[in-house]
Amino acid sequence: MNDRNPAQSPVADNGARITRAIQCTVLVLLAVYVFINPFPRKTAIELITFYSSTLMVAILSLTGRMKLNFRTPLTIPLLLFAFWGFLGLFSALDVKNSIHDYYAHLLCFLVLFFLIFNVFDTKEKLILLLRLTVVSGLLFSAGLLVYYYGIARYPLTERLGMYIPYLEFNPGFLTYTTLFTVFLSLGFLRLKSDGAYRYLYLFGVIVSAAASVLSGARAAFVGALAPAWVFLPRLRKNLLPLFVILIAGVLMFSFVPSVRDRMSLKALAGESRVKIAMISIELLKDYPVFGIGYGMQTYGNRQYVDLAKYNARLPEKYRQHHEGGIFWGATHNSYMDVAVRTGLVGLVLWLYVLVAAFRTSIGLMMKGEDREIRHLGVILTASLTCITVLDLFMDSAFGPQLTIHYVLFGMIAVLWQCQSREREHS
Numbered sequence: 177m178n179d180r181n182p183a184q185s186p187v188a189d190n191g192a193r194i195t196r197a198i199q200c201t202v203l204v205l206l207a208v209y210v211f212i213n214p215f216p217r218k219t220a221i222e223l224i225t226f227y228s229s230t231l232m233v234a235i236l237s238l239t240g241r242m243k244l245n246f247r248t249p250l251t252i253p254l255l256l257f258a259f260w261g262f263l264g265l266f267s268a269l270d271v272k273n274s275i276h277d278y279y280a281h282l283l284c285f286l287v288l289f290f291l292i293f294n295v296f297d298t299k300e301k302l303i304l305l306l307r308l309t310v311v312s313g314l315l316f317s318a319g320l321l322v323y324y325y326g327i328a329r330y331p332l333t334e335r336l337g338m339y340i341p342y343l344e345f346n347p348g349f350l351t352y353t354t355l356f357t358v359f360l361s362l363g364f365l366r367l368k369s370d371g372a373y374r375y376l377y378l379f380g381v382i383v384s385a386a387a388s389v390l391s392g393a394r395a396a397f398v399g400a401l402a403p404a405w406v407f408l409p410r411l412r413k414n415l416l417p418l419f420v421i422l423i424a425g426v427l428m429f430s431f432v433p434s435v436r437d438r439m440s441l442k443a444l445a446g447e448s449r450v451k452i453a454m455i456s457i458e459l460l461k462d463y464p465v466f467g468i469g470y471g472m473q474t475y476g477n478r479q480y481v482d483l484a485k486y487n488a489r490l491p492e493k494y495r496q497h498h499e500g501g502i503f504w505g506a507t508h509n510s511y512m513d514v515a516v517r518t519g520l521v522g523l524v525l526w527l528y529v530l531v532a533a534f535r536t537s538i539g540l541m542m543k544g545e546d547r548e549i550r551h552l553g554v555i556l557t558a559s560l561t562c563i564t565v566l567d568l569f570m571d572s573a574f575g576p577q578l579t580i581h582y583v584l585f586g587m588i589a590v591l592w593q594c595q596s597r598e599r600e601h602s
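Quick note on the numbering used here: the sequence shown kicks off at 177 and runs consecutively.
Now the structure itself:
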């Protein structure tokens, strides 16, 4: 017998349908946000999708139609890092820029992390998000290769993206997208239950690996080799990941002269990055606790930071010498960037975030409840390894590379949640 009040049933049903429609809309909006991440000229779409999905989730939560969950292994580390960054605003050299970047490049991405965790909250939705990321990276890599070498007719010896005036196509920055796509595709190729998409993943590996090689970035070579520790113990039945990594390495040295020259011992010994690191260390000595502030434009701004003063402190062989007294306006190392902007304490807290992410993904990889969770753990651990190695060579506090960090954190948290649910039901 149906004991519901007939007069209220249509209203309840309509409310449920509206709730489901809003939830689906939020999922689509976030999917679009992630999908367009690698591409340029997307600011308007990003803002619309992000703020619309945030508003809808807030309405659902406030009306009791969606229960938000903030319990993840990364919550405390991320909030501690955010709290320390907030304290640093009170001593920031450029307060206006620091407040802007703290909001736009930290708080908004914390919201993105929790949105992904709460919206893509099942294994099926997570796999959908992973596939979407692969397709996005594949289209980005293929489109860039066709345009740069086919339409613009640059020779293959020129670094991919070097002469396109968008940060998304910077040869170093684009490797975050291409290598992320490579390792997601490699992982999915070994997932038997995902056989229908096998050719998509194979194409993703080939095209994205080619884009990574042709970028000519040293970081791409190191970033491609770093996740070998994840794949090697699992290669007894499938040598494809190792084969792709080795072939990419051979191509880098033999096919692209610019990469071979850039990876020589002579080039590395005279690398300007050492000088950049030394001047950053001198700056950090004066601001060891809170750093110079969260603003990313403070470091290269003569009004707030006199790099010439810190350059003069260094031994002659480590000094930068540029015409007009111009210095490198960025640290070219994400960890040094965090240290300079938030102090040594901020760096420790950011490393705490990464350790928590690694501990979670490795735990899923080693002790997942089923084969699929363990394998997804492998994919995410390999991707996280690659990203954290790339951070040694580039600034990742902005642009597509920053989005990749928080999307990856969200994916790890979602998989952890799936694991927790399966344990509860077993």
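Backbone N, C-alpha and C define an ideal beta-carbon position, used for all residues, glycine too. Owing to the predicted nature of the structure, the values given are computational and were not obtained by experimental measurement.
First through last residue of the alpha helix (DSSP H) which encompasses S391: Secondary structure note for S391: it is in no alpha helix (DSSP H), with a DSSP letter that is neither H nor E.
The segment 506-520 in contact with the segment 539-546 per 3-pair CB rule at 8 Å: The answer is no - the segment 539-546 does not touch the segment 506-520, with fewer than three Cβ pairs under 8 Å.
Per-residue DSSP class, three states only, for F407: The answer is helix: DSSP assigns F407 an H, G or I state.
CA nearest to the CA of T333, picked from L360, G313, L365, S391: The shortest C-alpha separation from T333 is found at S391.
R193, buried or exposed, once every other Cβ within 10 Å from all chains shown has been counted against 16: Sixteen is the threshold: since fewer than 16 other Cβ atoms of the shown chains lie within 10 Å of the Cβ of R193, the residue is exposed.
Endpoints, the alpha helix (DSSP H) within which K218 is located: That residue, K218, is in no alpha helix (DSSP H); it is neither H nor E in DSSP.
Through-space distance from A484 to S229, alpha-carbon basis: Distance between the alpha carbons of S229 and A484 is about 45 Å.
Simplified DSSP assignment, three categories, for H508: DSSP, reduced to helix, strand and coil, places H508 outside both helices and strands of the structure shown, so it counts as coil.
A183 (DSSP reduced to helix, strand or coil): Only weak support exists for where A183 lies, its pLDDT of 48 falling under 50; the value from the coordinates is given anyway. Assignment of A183 by DSSP, reduced to helix, strand and coil, places it in the coil class.
Cβ-based neighbour list, T351, same chain, cut-off 7 Å, excluding 5 preceding and 5 following: So the qualifying residues of the chain are S388, S391, A393, A395, A396, G399, L566.
For F257 and K493, the rounded distance between their alpha carbons: Here the C-alpha atom of K493 lies approximately 35 Å from the C-alpha atom of F257.
Counted within 10 angstroms of its Cβ, other Cβ atoms place Y324 as buried (16 or more) or exposed: Classification for Y324: buried.
Nearest residue (CA-CA) to S317, options L306, F345, A207: The shortest Cα separation from S317 among L306, F345, A207 belongs to F345.
C-alpha gap between H498 and Y375, whole angstroms: When rounded, the distance between both Cα atoms is 50 Å.
Residue span of the alpha helix (DSSP H) that contains S644, given as start and end: The displayed coordinates of the chain run from 177 to 602. Any statement about residue 644 would go beyond what the structure contains.
P253 - containing alpha helix (DSSP H), residue span: Note, P253: alpha helix (DSSP H), 251-264.
Three-pair Cβ contact test at 8 Å for the segment 347-364 versus the segment 278-285: Not touching, per the Cβ criterion.
Sequence-distant residues of its chain with Cβ nearer than 6 Å to M232 (five each side left out): Result list for M232: I198, V202, in chain order.
Secondary structure of H276, DSSP reduced to three states: Secondary structure of H276 (DSSP, three-state): helix.
Range of the contiguous alpha helix (DSSP H) that encloses G363: Where G363 is concerned, the enclosing alpha helix (DSSP H) starts and stops at 350-365.
Short Cβ contact (7 Å threshold) for D277 with G471: Going by C-beta atoms, D277 is nearer than 7 Å to G471.
Neighbour-count burial assignment, P341, 16 or more Cβ in a 10 Å radius: Exposed, since its Cβ has fewer than 16 Cβ neighbours within 10 Å.
Distance between beta carbons of S361 and V311, contact taken as under 8 Å: With a Cβ gap of about 10 Å, V311 and S361 do not count as contacting.
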